[in-house]
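**Student:** Residue numbers (numbering that gives the first Met the number 0), protein chains in the order written: chain A, 0 to 307; chain B, 0 to 103; chain C, 0 to 243.
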Amino acid sequence: MSNLLQPHEADWYEASARERIAGLLDPKTFVEFLGPEQRVMSPHLAQFDLTGAFDDGIAVGRGRLDGQEVFVAAQEGRFLGGAFGEVHGAKLVGLLRAARDGAETGGPRAVLLLLDTGGVRLQEANAGELAISEIIRAIVEARSASVPVLALVGGRAGAFGGGGIITACCSRIVVSEHARVSVSGPEVIETNKGVEEFDSKDRALVWRICGARTRYLTGGADRYVKGSIQDFREAAIALIPHAPLFELATLRAEQQRLAERLQRFGDCRDAPEIWGKARLPEPERITEIPDDAFLAIHRPKGADHDAR
Amino acid sequence: MEQFQVRGTAKSRAGGHRHQAITGVNASGNLEILVERVLPERECLVDVATAVTGFRGIWEAVIQEFFERSSPGGLRFSINDGGARPDTVTLRLMQSVRLMETEA
Amino acid sequence: MTLDEILGSLFPSGHTVESGPAGTLHGTAKVEGQSEVTVVGIVGGKPLGIDGALPLAGHVLAAVEAGGRAPIVVLIDTASQNMARRDELLGLNEYLAHLFKSLTLAAMHGHRTVSVLFGHAAAGAFIATALSSQSLVALASAEPSVMDLPSISRVTKLPLEHLKELAKSTPIFAPGVEPLFATGAVTETWAANEPLAPHLAALLQQPVATLDPRDRIGLERKGRLLAQKIAERVAAEAAAHAGS
């Protein structure tokens with residue numbers, strides 16, 4: 000990271016987990032819980048001949064966003080693909096439960112999840128998968144206690160597998176161009192179903208199927224931002240007051256919106272087909288145009304919603 | 000996997016007042032360094048964990064040269080290595096000392 | 000046991016369960032000690048995709064809309080999530096998340112949720128069904144997994160034999176009921192040769208923890224020695240800093 004840039008001016012994609020936190024929050028307000036000096040590390044990696052990370056690949060803590068107290072978690076996508084292991088997952092579970100419990104007594108205004116993950120860490124598969132389900136439950140409980148939980152996705156690993164499911168359980172979702180949000184990774188689909196089904200080496204295809212622009216235009220993300228940390232910060236500040244409550248009415252609306260999407264586009268196999276049906280201009284060019292032109296596109300009906 | 004320690008003496012105390020800093024990441028070709036100001040002023044120490052075995056001699060040489068050049072007295076460096084080259088190791092060690100010299 | 004045998008053993012007093020699209024099931028059933036239970040399911044080894052997840056969530060939400068506190072039983076013999084370009088394009092993550100959220104909402108509204116796994120479930124399908132209910136019961140034929148060992152071997156580049164050896168000393172990664180019981184995912188197992196209805200009735204009578212007990216259970220069973228303690232430590236630090 001250049002010394003000449005302020006923390007919030009830096010590029011999200013290139014930044015480390017802690018650099019993203021530093022640029023996202025108000026300056027010098029971040030207090031880390033169970034920081035790296037405590038060396039709370041995975042005990043499961045040595046048997047796979049792997050070295051670990053002092054924070055097991057996730058930094059959690061609190062700070063201020065535009066003057067308001069928030070909790071924040073940032074995954075380091077370059078350490079074991081940002082994947083969920085026992086310790087990594089438990090740190091996030093504890094943070095979310097604290098947000099839920101703090102709601103009554105003046106706890107955080109929101110929780111910000113800086114997701115950058117390939118999903119479950121296979122070396123700790125059962126612990127990782129369980130952690131993901133405990134995280135989702137804790138997200139729902141925090142949301143039920145009126146604490147919005149925001150997903151911010153824009154790193155190298157994206158939000159895959161359980162990370163993709165976690166993303167869609169959050170109140171609001173912010174993505175930048177680099178982001179991919181999906182369940183099965185393209186290579187896994189190709190291995191299981193063949194290259195005709197998914198050519199995982201076709202990068203343009205990957206971004207058309209899993210990428211941020213598709214998610215944003217279908218309503219799978221709520222904000223699409225350019226790539227600086229400042230852009231994510233502004234989006235988070237703007238979205239927090241508009242987070243939908245977790246309640247029956249919201250899920251009813253969600254059922255409706257997902258049913259409509261399936262009904263309108265259920266026979267589409269690639270993004271341009273969806274854009275064509277939605278009558279967007281130049282469907283074939285949507286993934287190529289610069290961010291400014293993309294942001295000028297009026298989203299198809301149903302993409303702008305307050306469900307989730 | 001190898002874990003070992005390299006100890007040294009420093010001519011002077013590492014500058015600044017920060018108590019700890021962290022830099023880098025344990026990823027392919029890279030390394031994570033946690034540095035803590037926890038030792039007597041003329042001592043320095045590096046704890047290394049690496050999955051790439053058989054290069055202890057090179058690590059020791061690189062680290063002793065770093066001790067000589069940077070004089071990081073009082074600092075304990077803990078490394079999780081992802082297979083970094085010696086010049087990357089030196090770079091990160093020096094970065095970590097610079098971080099300790101900045102405002103906390 | 001076939002699906003019909005399982006339905007008959009779980010609900011000997013009768014049920015209205017019928018097939019829906021994409022391998023789904025739904026209906027109601029009579030269970031001793033309860034006025035009625037809602038039954039949903041994904042069966043026949045069908046992967047769970049958007050075409051299955053959406054109607055399942057719909058049935059769960061309908062049960063919540065109907066009011067009352069009728070338990071919801073989720074029958075599971077699936078595969079992994081549907082591996083299809085079209086499902087990912089349309090936002091499979093949202094559909095799976097919606098099913099998880101719906102089952103969680105139902106529990107919050109007083110509907111006891113119990114998953115009965117009698118076949119396969121893996122990865123995203125496992126998360127959205129088995130791991131989204133308050134209790135997970137495994138029958139003798141259950142084969143839960145995050146990922147099969149050969150695939151883990153391929154991705155981690157560790158020889159399969161080595162993995163199998165490692166799996167003997169730790170439940171932290173291997174597929175199967177035992178490791179998932181030890182780590183706290185599986186609540187209880189029901190034996191093959193016993194009638195299932197009394198087990199279900201007994202389970203539904205037990206009080207259910209308001210808070211997610213699985214990390215505590217994983218610690219008690221020694222399958223996950225760190226998770227609960229670390230979650231507690233983070234929560235304690237968060238509370239210590241509160242208001243400062």
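Ideal Cβ positions, reconstructed from N, Cα and C, are used throughout, including at glycine. The structure presented is a predicted model; accordingly, all values stated were derived computationally and were not measured.
Within a Cβ cutoff of 8 Å, which residues of the same chain sit near Val39/C, ignoring the five residues on either side of it in sequence?
**Tutor:** So the qualifying residues of the chain are Thr23, Leu24, His25, Leu55, His58, Val59, Ile71, Val72, Val73 and Leu74.
**Student:** On a Cα-Cα basis, can you pick out the residue from Leu202/C, Ala184/C, Gln205/C and Pro194/C that is closest to Glu219/C?
**Tutor:** The shortest Cα separation from Glu219/C among Leu202/C, Ala184/C, Gln205/C and Pro194/C belongs to Ala184/C.
**Student:** Please classify Leu159/C as buried or exposed, where buried requires at least 16 neighbouring CB atoms within 10 angstroms.
**Tutor:** Counting Cβ neighbours within 10 Å, Leu159/C comes out exposed, since fewer than 16 surround it.
**Student:** Which two residues bound the contiguous alpha helix (DSSP H) that contains Asn79/B?
**Tutor:** Careful: Asn79/B lies outside any alpha helix (DSSP H), inside the beta strand (DSSP E) at Leu74 to Asp80.
**Student:** Who does Lys300/A pair with in a DSSP beta bridge?
**Tutor:** In the DSSP output, where bridge partners are listed per residue, Lys300/A has none listed.
**Student:** Based on Cα-Cα distance, which residue from Ala82/A, Ser227/A, Glu68/A and Ala158/A lies nearest to Gly51/A?
**Tutor:** The shortest Cα separation from Gly51/A among Ala82/A, Ser227/A, Glu68/A and Ala158/A belongs to Ala82/A.
**Student:** Report the partner residues of Ser227/A according to the DSSP bridge assignment.
**Tutor:** Paired residues: Asp10/A.
**Student:** Closest to Glu133/A by CA distance: which of Gly51/C, Gln227/C, Ala237/C and Pro178/C is it?
**Tutor:** If we check each option's Cα against that of Glu133/A, Gln227/C comes out closest.
**Student:** With H, G and I counted as helix, E and B as strand and the rest as coil, what does DSSP make of Ala237/C?
**Tutor:** In this structure, Ala237/C counts as helix in the three-state DSSP scheme.
**Student:** Residues bridged to Val148/A by DSSP?
**Tutor:** Looking at the DSSP assignment, Val148/A forms a beta bridge with Val110/A.
**Student:** Going along chain A, which residues have a C-beta under 8 Å from Thr49/B?
**Tutor:** Those within 8 Å of Thr49/B in chain A are Thr50.
**Student:** Taking DSSP as the reference, what is the three-state secondary structure of Gly218/A?
**Tutor:** In the structure shown, Gly218/A sits in coil (DSSP, three-state: anything other than H, G, I, E or B).
**Student:** Throw me the rounded Cβ distance for the Ala230/C and Val92/A pair, which I believe falls under 8 Å.
**Tutor:** Yes, they are in contact, since the Cβ atoms of Ala230/C and Val92/A sit about 5 Å apart, within 8 Å.
**Student:** Using a beta-carbon distance cut-off of less than 8 Å, what residues from the region 20-36 of chain B approach chain A?
**Tutor:** Cβ contacts with chain A: Ile21, Val24, Asn25, Ala26, Asn29, Glu31, Leu33 and Glu35.
**Student:** From Pro243/A to Leu102/C, what does the alpha carbon distance come to, in whole angstroms?
**Tutor:** When rounded, the distance between both Cα atoms is 18 Å.
**Student:** For the region 137-163 of chain C, which residues have a CB atom closer than 7 Å to at least one CB atom of chain A, in sequence order?
**Tutor:** Correct list: Val145, Met146, Ile151, Val154, Thr155 and Leu157.
**Student:** Verify the CB distance criterion: does Glu87/C have a CB-CB separation below 8 Å to chain A?
**Tutor:** Chain A, which has a Cβ nearer than 8 Å to the Cβ of Glu87/C, makes this yes.
**Student:** Whose C-beta lies closer than 6 Å to the C-beta of Arg17/A among residues of the same chain, with five residues either side of it excluded?
**Tutor:** These residues qualify, in order along the chain: Ala58.
**Student:** Just how far apart, CA to CA, sit Arg111/C and Ala28/C?
**Tutor:** Taking the straight line from one Cα to the other gives about 14 Å.
**Student:** Which residue comes first and which comes last in the beta strand (DSSP E) that contains Arg171/A?
**Tutor:** Arg171 to Ser175 is the span of the beta strand (DSSP E), which, as asked, contains Arg171/A.
**Student:** Of the choices Arg85/C, Glu35/C and Lys100/C, whose alpha-carbon is the least far from that of Ser143/A?
**Tutor:** Cα-wise, what sits closest to Ser143/A is Lys100/C.
**Student:** Determine the extent of the alpha helix (DSSP H) in which Cys43/B is found, giving its start and end residues.
**Tutor:** Premise fails: Cys43/B lies in the beta strand (DSSP E), Glu42 to Thr49, not in any alpha helix (DSSP H).
**Student:** For chain B, check one thing: does any of its Cβ atoms lie closer than 8 Å to the Cβ of Pro35/A?
**Tutor:** At least one chain B Cβ lies under 8 Å of Pro35/A.
**Student:** Taking the alpha helix (DSSP H) that Ile71/C falls in, what are its first and last residues?
**Tutor:** Per DSSP, Ile71/C belongs to no alpha helix (DSSP H); it is in the beta strand (DSSP E), Ile71 to Gln80.
**Student:** Check Thr112/C in the structure and name its three-state DSSP category.
**Tutor:** Strand, per DSSP.
**Student:** Could you tell me whether the region 147-154 of chain C touches the region 74-84 of chain C, using the rule of 3 or more Cβ pairs below 8 Å?
**Tutor:** No contact exists between the region 147-154 of chain C and the region 74-84 of chain C.
**Student:** In chain C, what lies closer than 8 Å to Arg212/A by C-beta?
**Tutor:** Near Arg212/A there are no residues of chain C at all, since even the closest Cβ is about 12 Å away, more than 8 Å.
**Student:** Helix, strand or coil: how does DSSP classify Ser1/A here?
**Tutor:** Residue placement at Ser1/A is flagged as unreliable, the pLDDT there being 48, under the threshold of 50; the coordinate-derived value follows with that caveat. Coil at Ser1/A, not helix or strand.
**Student:** Mark Phe159/A as exposed unless 16 or more other C-beta atoms lie within 10 angstroms of its C-beta, in which case mark it buried.
**Tutor:** Result: buried.
**Student:** Report the three-state DSSP secondary structure of His14/C (helix, strand or coil).
**Tutor:** Of the three classes helix, strand and coil, the one that applies to His14/C here is strand, per DSSP.
**Student:** Is the separation between the beta-carbon of Leu88/C and that of Asp230/A shorter than 8 Å?
**Tutor:** No, the Cβ-Cβ distance between Leu88/C and Asp230/A is not below 8 Å.
**Student:** Just to make sure I have the definition right: I need the residues of chain B whose C-beta is within less than 8 Å of the C-beta of Ala72/A. Which are they?
**Tutor:** Neighbours of Ala72/A on chain B: none; closest Cβ ~16 Å, over 8 Å.
**Student:** With the cut-off set at 8 Å, would you say Leu79/A and Gly56/A are in Cβ contact?
**Tutor:** Yes, these two residues count as a Cβ contact at 8 Å.
**Student:** Given that a residue counts as buried once 16 or more other Cβ atoms are within 10 Å of its Cβ, and exposed if not, what is His97/C?
**Tutor:** Buried, by the Cβ-count rule.
**Student:** Name the one or two DSSP bridge partners that Lys45/C has.
**Tutor:** In the DSSP output, where bridge partners are listed per residue, Lys45/C has Thr77/C.
**Student:** Within 10 Å of its beta-carbon, does Ile208/A have 16 or more other beta-carbons around it, so buried, or fewer, so exposed?
**Tutor:** It is buried - the Cβ of Ile208/A has at least 16 other Cβ atoms within 10 Å.
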